[in-house]
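Asker:
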Amino acid sequence: MAHKSLRPCGEIGCNNLTRNSYCKTHEKNVQKTTREYNTYKRDPKINSFYKSTKWQKVRAVALARDKGLCQRCMKQGRVRQAQVVHHIIEVKTDWSLRYVLDNLESLCHACHNAEHKSIPRGK
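Following the numbering used here, the numbering of the sequence shown begins with -16 at its first residue and continues without gaps.
1) Have a look at R104 and K75 and give me their C-alpha separation to the nearest angstrom.
2) Excluding five sequence neighbours on each side, which residues of the same chain lie with their C-beta closer than 6 angstroms to the C-beta of K(-13)?
3) Sorted by chain position, which residues of the same chain lie with C-beta nearer than 6 angstroms to Y82's C-beta, five sequence neighbours on each side aside?
4) When the Cα of H92 is compared with those of S79, E73, A65, which residue comes out closest?
5) Work out the CA separation of E19 and K11 for me, nearest whole Å.
6) With 16 as the cutoff for other CB atoms within 10 Å, does R55 come out buried or exposed?
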């Protein structure tokens, strides 16, 4: 199996090369930030949902349905691997749709981030 090519760390100003998003030094920072976000900012009910076995199974079904490819990129004629299963109608908006496959789409990180930047926030 071929290794991913080396690329610069995702931390601004860091020139360390890595096969992942961040070098080992900055990966620890990302993990700490994520842990703090999940503990202090994210709704505990939603956090529990994303950690549930049922969600992991539904997520896997959605990725398999979409053949592991980003659906937004596919519509634009690009082929990119999906890393995220996105709720079209957010869980916070309609809790009852959290496991509905028709409300899920597989996206790459870039498309998922673009989608969430386009959603107006009430904060």
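Virtual Cβ for every residue (Gly too), placed ideally from N, Cα, C.
Note that the structure is a prediction, hence the values are computed from the model and not measured.
Answerer: So, to answer that:
1) Translated into positions along the sequence shown, residue 104 becomes position 121. Translated into positions along the sequence shown, residue 75 becomes position 92. Caution is warranted here: a pLDDT of 48 is assigned to R104, below 50, making its placement in the model unreliable, and the coordinate value is therefore given only provisionally. Using only the alpha carbons, I get a separation of about 12 angstroms.
2) Within the sequence shown, numbered from 1, the residue matching residue -13 stands at position 4. Closer than 6 angstroms at the Cβ level, and outside the excluded window around K(-13), lie R2.
3) On the sequence shown, residue 82 is found 99 positions in, with the first residue counted as 1. For Y82, where only same-chain residues beyond five positions count, the Cβ hits under 6 angstroms are V41.
4) Along the sequence shown, read from residue 1 onward, the residue named residue 92 stands at position 109. Per the Cα distances, A65.
5) Numbered from 1 along the sequence shown, position 28 holds the residue referred to as residue 11. Numbered from 1 along the sequence shown, position 36 holds the residue referred to as residue 19. Taking the straight line from one Cα to the other gives about 12 angstroms.
6) Translated into the one-based positions of the sequence shown, residue 55 becomes position 72. By the 10 Å Cβ count, R55 comes out buried.
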